[in-house]
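Report on one structure; see the data block that follows.
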Amino acid sequence: MLRSFFQKGQGEGRHSGPRVPRHSSGWSTLLKHLKTESALKVLDIGPTSSTNINFLTGMGHGVWMADVVDESSRKEWELPPVEEGGQPGFNTDTFFEQNLNFSGREFDVVMLWTTLDYIPDALTAPLIDRLHKSLKPGGKVLALFHSKSVGPDTAFCRYHLTPTDAIEAQESGTYPIRRVYTNRNIEKLFAAYSNYRFFLAKDNVYEVIITR
Numbered sequence: 001m002l003r004s005f006f007q008k009g010q011g012e013g014r015h016s017g018p019r020v021p022r023h024s025s026g027w028s029t030l031l032k033h034l035k036t037e038s039a040l041k042v043l044d045i046g047p048t049s050s051t052n053i054n055f056l057t058g059m060g061h062g063v064w065m066a067d068v069v070d071e072s073s074r075k076e077w078e079l080p081p082v083e084e085g086g087q088p089g090f091n092t093d094t095f096f097e098q099n100l101n102f103s104g105r106e107f108d109v110v111m112l113w114t115t116l117d118y119i120p121d122a123l124t125a126p127l128i129d130r131l132h133k134s135l136k137p138g139g140k141v142l143a144l145f146h147s148k149s150v151g152p153d154t155a156f157c158r159y160h161l162t163p164t165d166a167i168e169a170q171e172s173g174t175y176p177i178r179r180v181y182t183n184r185n186i187e188k189l190f191a192a193y194s195n196y197r198f199f200l201a202k203d204n205v206y207e208v209i210i211t212r
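Residue 1 is where the sequence shown starts when you use full-length UniProt numbering, and the numbers rise one by one after that.
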């Protein structure tokens with residue numbers, strides 16, 4: 001379900017575990033953009049975070065949130081495979097209508113985080129296309145990707161914003177990583193977008209800012 005927030009003190013999602021700070025060059029770059037622009041529309045994809053709501057609305061921006069990973073994990077969206085033994089399909093039309101119905105709204109910023117690592121394959125390309133159609137020209141997407149599917153730093157996390165060049169990762173579910181993307185994979189997925197900027201990290205997560 002898409003939720004909108006325009007003032008502090010609204011909403012909180014499910015979280016577990018401590019918040020672990022990590023340096024984020026992608027967030028540092030995006031933060032500069034948020035500071036220089038006013039009244040932006042920001043789509044933050046993940047469990048509801050009152051920290052993010054308060055931070056962004058405090059800067060004068062509007063915030064919308066959608067918990068795509070949790071919602072897409074439900075069996076109700078699965079469709080029978082087209083061929084026997086094939087992969088199940090995904091009811092994208094109904095999913096988008098119930099969870100990502102933007103009502104013609106266009107966003108300036110999308111915080112996609114690690115969403116693409118955890119959602120069903122059949123939802124990946126349609127989601128990227130929907131975001132492209134819902135971003136203003138020049139709009140930016142901050143996406144994070146795991147370089148490994150198992151091991152340290154692979155748990156699904158909610159990322160909380162800070163006024164520094166760090167974000168706080170907090171484990172928020174037991175969803176498995178479904179795939180690992182290469183830079184080339186990412187460029188193909190976002191082929192309709194105009195620009196990509198990759199940031200390397202010391203942990204098993206790297207970052208990309210994609211421009212519409």
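C-beta: ideal position from N, C-alpha, C; glycine also. All figures in this text were calculated on a predicted structure; none of them were measured in a lab.
Taking all protein chains shown into account, decide if residue i is buried (16 or more other Cβ within 10 angstroms of its Cβ) or exposed.
i           : result
residue 218 : As displayed, the chain neither begins before 1 nor continues past 212, which places residue 218 out of reach and without an answer.
residue 24  : buried
residue 16  : exposed
residue 46  : buried
Measuring only the C-alpha atoms, how far is residue i from residue j?
i           : j           : result
residue 199 : residue 207 : 5 Å
residue 53  : residue 136 : 21 Å
residue 118 : residue 63  : 23 Å
residue 69  : residue 115 : 6 Å
residue 140 : residue 78  : 30 Å
residue 174 : residue 153 : 13 Å
residue 125 : residue 76  : 20 Å
Which stretch, first to last residue, makes up the beta strand (DSSP E) that contains residue i?
i           : result
residue 37  : Per DSSP, residue 37 belongs to no beta strand (DSSP E) and is neither H nor E.
residue 23  : 20-23
residue 62  : 62-66
residue 158 : 157-160
Rounded C-beta distance between residue i and residue j? I'm assuming under 8 Å.
i           : j           : result
residue 205 : residue 144 : 5 Å
residue 123 : residue 73  : Wrong, their Cβ atoms sit about 10 Å apart, outside the cutoff.
residue 26  : residue 100 : Their Cβ separation, rounded to whole angstroms, is 22 Å, which puts residue 26 and residue 100 out of contact at 8 Å.
residue 107 : residue 43  : 5 Å
residue 156 : residue 172 : 6 Å
Can you name the residues that DSSP bridges to residue i?
i           : result
residue 211 : 140 and 195
residue 89  : 79
residue 107 : 135
residue 27  : Paired residue(s): none; residue 27 is not in a bridge.
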